[in-house]
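S.K.: This is the structure I have questions about; it appears just below.
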Amino acid sequence: MFSIRPLATLLLSAASAIPSVAALPVGATNLTTVSVYADVPGPKNLENLVVRRNGDMLVTSITSPSIFLISPDNTKAPVAVADVPNTVGLLGIVELEENVFYVVASNETSGPDSNEVWKLNMQQGCTAQNGSAAASGDLSLTARIPTAKQLNGLIRLADNDTTNVLISDSSAGTITRLNVETGAYEVVIEDERFLPTSSGIGVGLDGIRMFEDQLYFTSLDQGFFGSVPISLSTGTATGPIDIIVNGTLLDADDFALSSDGSKAYIAENGQNVIVEVDISSKTNRVLVNNTLLGRTSSVYLGQTRSDSDSLYVTGAKLSANGTAIEGRVLKVALY
């Protein structure tokens, strides 16, 4: 058995302990640009994000129970639109219907009842354009998952599915399917390559994304990026796991897929880089190396016509000595 520490402690300590990558490898480019998109006072770091169709952004933190709303181009101050009760931090977040979101809440103890999924309904016109701390969404508990150890990533099962989500468990090395209408859940995939390692920081399976019938994933401790074909109705594997990047990624956290599914953009937490993976050729390179990327955790592709060629990256504003001060979203212009 492996020992389990709170996820916030694991990720923050790892990011500060690992030296940053100092140089770009052969074939890398500096054509991309990195800029600060928004700072979010309060939480020490940001964990995950989802970009709405209107350009608004919702972000979570493993050090805060609040869901924060950021306006397009940060024209309004970030505002907390919901506070999940009796929880330490929030992780994965996904939009299943327009303006209806689900989020993983965790007390990071890996014990019974420490993992939950909550629903945030923002269909009543809650937008960052309101520019007011009074803006809020309706929050309700979807399910408690007492058998889980440390839930993390959260995605929809299929493009047209507004009922089922998949959730990664970073400690148990499993993927769980949850029906958000009934609250029923079950483990649908389990593999030793999803597990943490005794020599790692205790985080195995991390980010998960879907493209067509392929489930893509990162396994942080084992340095993997891979995929597995799954059933779009049950979430169970229909074929073997394919390892696309084998053991060479350093602290591969969450990631985004390009709109055509040909590339992945992976945040290497604590390494100052975003890694680009060409999925068909199974090759990877450092897309951008910048000290602003020191505590990156998740990546999301822009959703509007004006930013579809940009990535938004959650992380932290750092002091001169590398201490996380507050949450930060970075914008990476791809080309």
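All letters in the sequence shown, in the order written, are residues -23 to -1, 1 to 312 by mature numbering (1 follows the signal peptide of the UniProt record, and there is no 0). Using N, Cα and C, we set each Cβ at its ideal position, and we do this for glycine too. Predicted model only: the values in this text are computed from it and were never measured.
Just curious, the beta strand (DSSP E) that VAL306 is in, first and last residue?
M.R.: Within the sequence shown, numbered from 1, the residue matching residue 306 stands at position 329. Segment 301 to 310, the beta strand (DSSP E) holding VAL306.
S.K.: Determine the extent of the beta strand (DSSP E) in which ILE47 is found, giving its start and end residues.
M.R.: The residue labelled residue 47 in the question sits at position 70 within the sequence shown. Segment 41 to 47, the beta strand (DSSP E) holding ILE47.
S.K.: If the criterion is Cβ atoms closer than 7 Å, does the pair GLY224 and ASN249 meet it?
M.R.: Counting from 1 along the sequence shown, the entry for residue 224 is found at position 247. Counting from 1 along the sequence shown, the entry for residue 249 is found at position 272. Contact flag unset, no.
S.K.: Find out if the Cβ-Cβ distance for the pair VAL58, ILE44 is shorter than 7 Å.
M.R.: Residue mapping note: residue 58 aligns to position 81 of the sequence shown, counting from 1. Residue mapping note: residue 44 aligns to position 67 of the sequence shown, counting from 1. Yes. Within cutoff.
S.K.: What residues match up with PHE232 in a beta bridge as DSSP calls it?
M.R.: As a position in the sequence shown, residue 232 is number 255, starting the count at 1. In DSSP, PHE232 forms a bridge with ILE243.
S.K.: Any beta carbon of chain C sitting closer than 7 Å to that of PHE171?
M.R.: The structure shown contains no chain C; it is built from a single protein chain.
S.K.: Alpha carbons only, please: which of GLU74, SER48, VAL77 and THR40 is nearest the one belonging to LEU68?
M.R.: Mapped onto the sequence shown, residue 68 falls at position 91. Of the candidates GLU74, SER48, VAL77 and THR40, the one whose C-alpha sits nearest the C-alpha of LEU68 is THR40.
S.K.: Under a Cβ-count criterion, where at least 16 other Cβ atoms within 10 Å of its own Cβ denotes burial, should ALA(-1) be classed as buried or exposed?
M.R.: Your numbering for residue -1 matches position 23 in the sequence shown. At ALA(-1) the pLDDT is 35, less than 50, meaning the model places this residue with poor confidence; the figure from the coordinates comes in the next sentence. Classification for ALA(-1): exposed.
S.K.: Beta carbon of ASP146, beta carbon of GLY177: below 7 Å?
M.R.: Within the sequence shown, residue 146 is the residue found at index 169, counting from 1. Within the sequence shown, residue 177 is the residue found at index 200, counting from 1. No.
S.K.: Give the DSSP-derived three-state secondary structure of ASN156 in the structure shown.
M.R.: Along the sequence shown, read from residue 1 onward, the residue named residue 156 stands at position 179. Of the three classes helix, strand and coil, the one that applies to ASN156 here is strand, per DSSP.
S.K.: Could you tell me if VAL3 is buried or exposed, where buried requires 16 or more neighbouring beta carbons within 10 angstroms of its beta carbon?
M.R.: In the sequence shown, the residue the question calls residue 3 occupies position 26. Note on VAL3: pLDDT 36, under 50, position unreliable in the model; the coordinate value appears next. Its Cβ having fewer than 16 others within 10 Å, VAL3 is exposed.
S.K.: Evaluate the contact criterion for the stretch 178 to 193 versus the stretch 114 to 124: three or more CB pairs, one atom per stretch, below 8 Å.
M.R.: The stretch 178 to 193, when compared against the stretch 114 to 124, does not touch it at the 8 Å Cβ threshold.
S.K.: Excluding sequence positions up to five away, which residues of its chain have a Cβ less than 8 Å from the Cβ of ASP183?
M.R.: On the sequence shown, position 206 is the one that residue 183 refers to. These residues qualify, in order along the chain: ASN129, GLY130, SER145, SER147, PHE194, THR195, SER196, LEU197, ALA229, ASP230 and ASP231.
S.K.: In the DSSP assignment, find the unbroken beta strand (DSSP E) run with ALA15 in it and report its ends.
M.R.: One-based indexing of the sequence shown puts residue 15 at position 38. Segment 10 to 17, the beta strand (DSSP E) holding ALA15.
S.K.: Can you look up LEU172 in the DSSP assignment and give me helix, strand or coil?
M.R.: In the sequence shown, residue 172 corresponds to position 195, counting from 1. LEU172 falls in the coil class under three-state DSSP.
S.K.: Would ALA293 be called buried (16 or more neighbouring beta carbons within 10 Å of its own) or exposed?
M.R.: As a first step, residue 293 is located in the sequence shown; it is residue number 316 there, counting from the start. ALA293 should be labelled buried.
S.K.: Have a look at the DSSP bridge pairing and note the partners of ARG272.
M.R.: The residue given as residue 272 occupies position 295 in the sequence shown. ARG272 pairs with nothing; no bridge assigned.
S.K.: On the CB-based measure, 16 or more other CB atoms within 10 Å of its CB, does SER83 come out buried or exposed?
M.R.: As a first step, residue 83 is located in the sequence shown; it is residue number 106 there, counting from the start. When all chains shown are included, SER83 counts as buried.
S.K.: What number of angstroms, rounded off, separates the C-alpha of TYR312 from the C-alpha of SER236?
M.R.: For the purposes of this step, residue 312 is taken as residue 335 along the sequence shown, with counting starting at 1. For the purposes of this step, residue 236 is taken as residue 259 along the sequence shown, with counting starting at 1. For TYR312 and SER236, the distance between alpha carbons rounds to 15 Å.
S.K.: Excluding sequence positions up to five away, which residues of its chain have a Cβ less than 6 Å from the Cβ of TYR277?
M.R.: Working through the sequence shown from its first residue, we reach residue 277 at position 300. Around TYR277: LEU26, VAL28, ALA233 and TYR289.
S.K.: Once DSSP output is grouped into helix, strand and coil, what is the label at ASP50?
M.R.: Residue numbering aside, residue 50 sits at position 73 when the sequence shown is read from its first letter. ASP50 falls in the helix class under three-state DSSP.
S.K.: Output needed for GLU158: all residues of its chain with C-beta closer than 7 Å, excluding positions within five of it in sequence on either side, in chain order.
M.R.: Numbered from its first residue, the sequence shown carries residue 158 at position 181. Contacts found: THR140.
S.K.: How is VAL180 classed by DSSP in three states: helix, strand or coil?
M.R.: Position 203 of the sequence shown, counted from the first residue, corresponds to residue 180. It is coil, neither helix nor strand.
S.K.: To the nearest angstrom, report how far apart GLY200 and GLN101 are at their CA atoms.
M.R.: In the sequence shown, residue 200 corresponds to position 223, counting from 1. In the sequence shown, residue 101 corresponds to position 124, counting from 1. Computed Cα separation, rounded: 42 Å.
S.K.: Going by C-alpha to C-alpha distance, which of ASP90, VAL77 and VAL81 sits closest to LEU97?
M.R.: Start at 1 with the first residue of the sequence shown, and residue 97 comes out as number 120. The shortest C-alpha separation from LEU97 is found at VAL77.
S.K.: Indicate the three-state DSSP secondary structure (helix, strand or coil) for ALA(-2) in the structure shown.
M.R.: The residue given as residue -2 occupies position 22 in the sequence shown. Note that ALA(-2) scores a pLDDT of 32, beneath 50, so its modelled location is shaky; the value from the coordinates is reported in the next line. Coil, per DSSP.
S.K.: Which of helix, strand or coil does DSSP assign to VAL205?
M.R.: Here the question's residue 205 lines up with position 228 in the sequence shown. VAL205: strand per DSSP, three-state reduction.
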